[in-house]
Amino acid sequence: MSQSPYRVVIAEDEALIRLDLKEMLEEPGEGSYVVIGEASDGDTAVQLAAELKPDLVIMDIKMPVLDGISAAGQITERRLAPVVILTAFSQRDLVQRASTAGAMAYLVKPFTKAELIPAIEIAVSRFAELNALQSEIGDLRDRLAMRKLLDRAKGVLQATRGMTEPDAFRWIQKTSMDRRMTMRVVAQELIDSQPPPAAQSGTTGP
């Protein structure tokens, strides 16, 4: 399936790593990406995200001026773009903080393009999911309940149809648009269509 290239902002304070990442993203082959902005500190990354409206921001967790976690929080709070956080192995304790700040995916350095692409796909999908939920459901408590319902429905599609998490979300979103019903209804239908645990295990009631 062809798509327009993802427009990416790279935020990394080490110029050599930034160059390697850009070359990895723009290398011909699987994945279609174009780097439209580069930042060497978190504050510039937030400014570029606001000005350029990229499809994705890839950001190192440790950044000067404004650290990657704080920058990710600002970018996500303003719904500017999904963020993939880059972290060294020794910084894995910071991943939970990054997730709380709104990072949609993370990668432990060093990584390969084969590891980078799935992280990008998951981040973009989760960001689209978040925006769709915010558009469909205004109340935060209801949105959290809907998120859990959606996760269960995606799990059904992953288990029964072998879909990836991003593909499962896209299927639910497309079905809701095609059938002109909310994602909540589609998700609930998927869950309700599964046989109960007793039937799955072959046990019978009294």
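Following the working numbering from start to finish, the sequence shown increments by one per residue and tops out at 486.
Just so you know, even glycine gets a beta-carbon here, dropped at the ideal spot from N, CA and C.
Non-local C-beta neighbours of ASP347 in its own chain, meaning closer than 6 Å and more than five positions away in sequence, comprise GLY322, ordered along the chain. Per DSSP, GLY317 is not a residue of any alpha helix (DSSP H); the beta strand (DSSP E) it occupies stretches across 313-319. DSSP, reduced to helix, strand and coil, places THR392 outside both helices and strands of the structure shown, so it counts as coil. Between ALA361 and ALA325, the CB-CB gap reaches or exceeds 8 Å. Following the DSSP letters along the chain, one finds MET304 inside the alpha helix (DSSP H) bounded by residues 295-306. Contact between the region 423-433 and the region 394-402 is absent: fewer than three C-beta pairs spanning the two stretches fall below 8 Å. Excluding sequence positions up to five before and after LEU336, its CB lies within less than 7 Å of the CB of TYR286, VAL288, ALA361, PRO362, VAL364, ILE400, ALA403, VAL404, all in the same chain and listed in chain order. Annotation: the continuous alpha helix (DSSP H) that includes ARG464 extends over 463-472. For ALA448, the enclosing alpha helix (DSSP H) begins and ends at 445-458. No Cβ-Cβ contact shorter than 8 Å links LYS393 with ALA368.
In this structure ILE341 is buried. Its beta-carbon is surrounded by 16 or more other beta-carbon atoms within 10 angstroms.
ALA467 and LEU410 have their C-alpha atoms spaced approximately 15 Å apart. For ALA385, the CB contacts under 7 Å within the same chain, skipping 5 residues up- and downstream, are VAL364, ALA399, ILE402, ALA403 in chain order. In the three-state reduction of the DSSP assignment, ILE341 falls in the coil class.
The Cβ atoms of GLN438 and ALA448 sit closer than 8 Å to each other. Listed in chain order, the non-local C-beta contacts of ASP300 below 6 Å within the same chain number zero, local neighbours out to five positions each way being set aside. Under DSSP, the beta-bridge partners assigned to ARG287 are VAL314. Cβ contact annotation for ALA319 (same chain, cutoff 6 Å, sequence separation greater than five): ALA291, ALA325, LEU328, in chain order.
Beta bridge pairing from DSSP links VAL363 with VAL337.
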